[in-house]
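Structure record follows, encoded as structure tokens.
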Amino acid sequence: MKVRAGMMRWWCKMSDPILEFNNVDIEYQTRGDNAVHAVNDATFTIDEHDYFGLVGESGCGKSTIADAIVGGLDDNGEISSGTIRYKGTEIQNYSESQFNKEIRWKEISVIPQSSMNSLDPVMKLSQQAVEIAKYHTDLSKAEAIDRLRELFDVVGLSESRIHDYPHQFSGGMQQRAIIAFSLFLQPSLIIADEPTTALDVIMQDQILDHINSLKEEWEISMLMITHDISVVFENCDTMAVMHGGQIAEAGNVVDLFDRPRHPYAILLQNAFPDVRYPDRELAVIEGHPPQLREKPDFCTFADRCPWSIAECYEGAPDPQSVEGDEDHQAWCIRANEMDELAADHLTKPAEGRSILEDIQ
Ligand SMILES: Nc1ncnc2c1ncn2[C@@H]1O[C@H](COP(=O)(O)OP(=O)(O)OP(=O)(O)O)[C@@H](O)[C@H]1O
Ligand SMILES: [Mg+2]
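In the numbering used here, the protein residues as written are 159 to 518.
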């Protein structure tokens, strides 16, 4: 496993927050009186120039969080409580036109989950750049095309291809083109929702390398959404783990790798291959998350948790600081007992050294 620059920087980082999610609830109305309570009481912070990974199983609410940040929830979705602050300003009540004018592209751009379909199939890529520039900037046509040319170079695409149509590109090339477009207006934050899921393993690595190289050169922040915890460990500085519409654990990647304290994070880590133990059987996390027809007033992992007790059903868990560290929190009432309870599942780091360092 490769350990990137982020890990070297985590200990000396003192940045302002760029995005603050505070106690956010998001609901989708469905037919009849039913609602889906997709995200409940979610709290996390992304610091400037941070790569932040959001990881969790399918349906846990990751894309809902991404959509809410840019005002892109489906029509039946709404933020029903909590605040989302971007560079200190509350944006959760912005109208669509405010989002389009002030936030999208120039402050926050999105590499969407189904990004293969997000390029306009009937327009050349250069024309698409001109359209974005026309709406959001006062760049001339020639300047817009020049900028796209430069960005093609950044993401490793040949500049000679800027007048191609999307269908003339392979999947990996389209994905790089999307990354180029996401940089077009020099945003401060990029949200990458499963940026590599549809690609083969070699292409995944190349795309992640490109995403990583932006960190130093562009000084952007990144919210990287994935169901693959190893992608987060390799590419991000800080992270949150989600399940069943709740944040389970948040902190810097080294702390979460060395000392996971939420049972879901512990089991998730055990479910991925580890180069140190190639013969280890992967853990399977049994069972299904609950249907969230009402706002859950219990831990949504309790039914599947080997260590749950009656109290886990008596209220949604409040965050616990792990070993007194405010930056590492687990939403589990037993978080600080996990060292003993889950001893069989946990590998202890050597004194003063991260396990991540040992396996690079
Ligand atoms: N428009 C909608 N109407 C009703 N329910 C929705 C809507 N969009 C999403 N949901 C539900 O909200 C929950 C969270 O969905 P979301 O797409 O955010 O999950 P996810 O973590 O991104 O999953 P995946 O990893 O599969 O992309 C799921 O139960 C999903 O079925
Ligand atoms: Mg999703």
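Beta carbons are placed, not taken as given, at the ideal position from N, Cα and C, and that holds for glycine.
Exercise. To the nearest angstrom, report how far apart residue 337 and residue 404 are at their CA atoms.
Key: Position 179 of the sequence shown, counted from the first residue, corresponds to residue 337. Position 246 of the sequence shown, counted from the first residue, corresponds to residue 404. Residue 337 and residue 404 have their alpha carbons spaced roughly 29 Å apart.
For residue 393, count the other beta carbons within 10 Å of its own beta carbon; 16 or more makes it buried, fewer makes it exposed. Which is it? Taking the sequence shown and counting its residues from 1, the one referred to as residue 393 is at position 235. The residue is buried, with at least 16 neighbouring Cβ atoms inside 10 Å.
Quick check on residue 211: does DSSP put it in helix, strand or coil? Residue 211 sits at position 53 when you count from the first residue of the sequence shown. It is a strand residue.
Could you please give the first and the last residue of the uninterrupted beta strand (DSSP E) stretch that includes residue 241?
-> Position 83 of the sequence shown, counted from the start, is the residue given in the question as residue 241. In the DSSP assignment, residue 241 falls within the beta strand (DSSP E) that extends over 235-244.
I need the boundaries of the beta strand (DSSP E) containing residue 410, first residue and last residue. Numbered from 1 along the sequence shown, position 252 holds the residue referred to as residue 410. Here the beta strand (DSSP E) through residue 410 covers 404-410.
If you measure from the CB of residue 460, is any heavy atom of ligand 1 nearer than 8 Å? For this step, residue 460 is matched to residue 302 along the sequence shown. Outside the cutoff, so no.
>> I'd like to check one pair, residue 267 with residue 347: are the Cβ atoms closer than 9 Å?
In response: Here residue 347 refers to the residue found at position 189 of the sequence shown. Here residue 267 refers to the residue found at position 109 of the sequence shown. Yes.
Flag residue 365 as yes when its Cβ comes closer than 8 Å to any non-hydrogen atom of ligand 3, and as no otherwise.
-> Annotation note on ligand 3: not contained in the displayed structure, which lists ligand 1 and ligand 2 as its ligands.
In chain order, what are the residue ranges of uninterrupted alpha helix (DSSP H) at least 4 long that sit wholly in the region 314-392? Listed in chain order, they are 329-340, 359-376.
- Does the region 281-298 touch the region 359-375, meaning 3 or more C-beta pairs lie closer than 8 Å? They do not touch, by the three-pair rule.
### Residue range of the unbroken alpha helix (DSSP H) whose run includes residue 310
Here the question's residue 310 lines up with position 152 in the sequence shown. Taken as a continuous stretch (DSSP letters only), the alpha helix (DSSP H) holding residue 310 covers 299-312.
How far does the beta strand (DSSP E) with residue 228 in it reach, from first residue to last?
By one-based count along the sequence shown, residue 228 stands at place 70. Boundaries cannot be given for residue 228, as no beta strand (DSSP E) includes it and DSSP labels it neither H nor E.
Among 463, 443, 445, 470, the one whose alpha carbon lies nearest that of residue 454: Within the sequence shown, numbered from 1, the residue matching residue 454 stands at position 296. Residue 454 has its Cα closest to that of 470, out of 463, 443, 445, 470.
Practice item. Answer yes or no: the CB of residue 336 versus the heavy atoms of ligand 2, is any distance below 8 Å? Key: Along the sequence shown, one-based indexing puts residue 336 at 178. Relative to the non-hydrogen atoms of ligand 2, the Cβ of residue 336 never comes closer than 8 Å to any of them.
Secondary structure of residue 288, DSSP reduced to three states = Reading the sequence shown from its first residue, position 130 is the one you call residue 288. Reduced to three states, the DSSP call for residue 288 is helix.
- State buried or exposed for residue 446, treating a residue as buried only when at least 16 other CB atoms are found within 10 Å of its CB. For this step, residue 446 is matched to residue 288 along the sequence shown. Residue 446 should be labelled exposed.
Since residue 243 and residue 178 are thought to touch, with beta carbons under 8 Å apart, how far apart are those beta carbons, to the nearest angstrom? Position 85 of the sequence shown holds residue 243. Position 20 of the sequence shown holds residue 178. Right, the Cβ-Cβ distance comes to about 4 Å (below 8 Å), so this counts as a contact.
| message | With three or more beta-carbon pairs closer than 8 Å as the criterion, would you say the region 488-497 touches the region 400-420? | response | Segments in contact, yes.
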